[in-house]
Amino acid sequence: MLIAFRCRSCGAPLSKPLEERAWQPLPRARGREHHSYGPSTVRVGFFARDPDPYGPAGSAGTWVINPLDGVLLRPHTDSARLHGCCRRDGLDGPNLLCARCGGEVGVEISDCWTEYDVRLLDSAVVPEPGGSGASPGEGR
Ligand SMILES: [Zn+2]
Ligand SMILES: [Zn+2]
Numbered sequence: 000m001l002i003a004f005r006c007r008s009c010g011a012p013l014s015k016p017l018e019e020r021a022w023q024p025l026p027r028a029r030g031r032e033h034h035s036y037g038p039s040t041v042r043v044g045f046f047a048r049d050p051d052p053y054g055p056a057g058s059a060g061t062w063v064i065n066p067l068d069g070v071l072l073r074p075h076t077d078s079a080r081l082h083g084c085c086r087r088d089g090l091d092g093p094n095l096l097c098a099r100c101g102g103e104v105g106v107e108i109s110d111c112w113t114e115y116d117v118r119l120l121d122s123a124v125v126p127e128p129g130g131s132g133a134s135p136g137e138g139r
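For the record, in the sequence shown the residue sitting at position 45 is 44 according to numbering that gives the first Met the number 0, with numbers rising by one throughout.
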């Protein structure tokens with residue numbers, strides 16, 4: 000069954016319809032060139048739930064998606080959230096906002112020493128079956 004993630008506060012779609020796969024974290028990459036992208040924990044078209052809370056986002060539960068599957072996500076307006084070596088290390092808390100309502104919805108991790116992932120906050124998004132035809136504003 001395909002699942003699409005929506006913003007919990009405004010119902011905006013935040014991902015394409017995705018298929019779940021088991022959580023399988025990548026080994027930490029080292030020695031890459033600056034400005035290069037790391038491997039993604041989940042392939043395009045899939046998502047996985049990290050069973051462990053993600054510390055940098057305030058020990059939040061997170062869903063991990065491929066950054067290419069993100070929809071209506073925009074960088075945080077607070078530049079203090081956007082630190083990293085050459086891109087985003089995601090260590091300063093949520094750095095992605097819902098482009099419709101401005102709520103904090105996720106963390107982009109895309110630095111030269113990290114994997115290349117987007118983590119959607121369990122507290123800020125709703126996984127919905129189908130991913131199309133569901134009406135926003137129906138709550139959870
Ligand atoms: Zn770098
Ligand atoms: Zn929203």
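C-beta: ideal position from N, C-alpha, C; glycine also.
Taking the Cβ atom as the reference point for each residue, do residue i and residue j lie within a distance shorter than 8 Å?
i: residue 124; j: residue 1; result: no
i: residue 95; j: residue 107; result: yes
Can you pull the DSSP bridge partners for residue i?
i: residue 12; result: 5
i: residue 61; result: 49 and 120
Can you tell me whether DSSP reads residue i as helix, strand or coil?
i: residue 21; result: coil
i: residue 55; result: helix
i: residue 47; result: strand
i: residue 121; result: coil
i: residue 66; result: helix
i: residue 128; result: strand
i: residue 80; result: helix
i: residue 100; result: coil
i: residue 107; result: strand
Give every residue of the same chain whose Cβ lies closer than 6 Å to the Cβ of residue i, excluding the five residues on either side of it in the sequence, and list them in chain order.
i: residue 4; result: 13, 14, 119, 124 and 126
Can you list, in chain order, the residues of its chain whose CB lies under 8 Å from that of residue i, leaving out five sequence neighbours each side?
i: residue 100; result: 6, 8, 9 and 11
_Check whether the stretch 26-35 and the stretch 49-68 touch, using three or more Cβ-Cβ pairs below 8 Å as the test._
No, because fewer than three Cβ pairs between the stretch 26-35 and the stretch 49-68 fall closer than 8 Å, the two stretches do not touch.
*Between the stretch 69-76 and the stretch 37-55, do three or more beta carbon pairs fall short of 8 Å?*
By the Cβ test, the stretch 69-76 is not in contact with the stretch 37-55, since fewer than three Cβ pairs between them sit closer than 8 Å.
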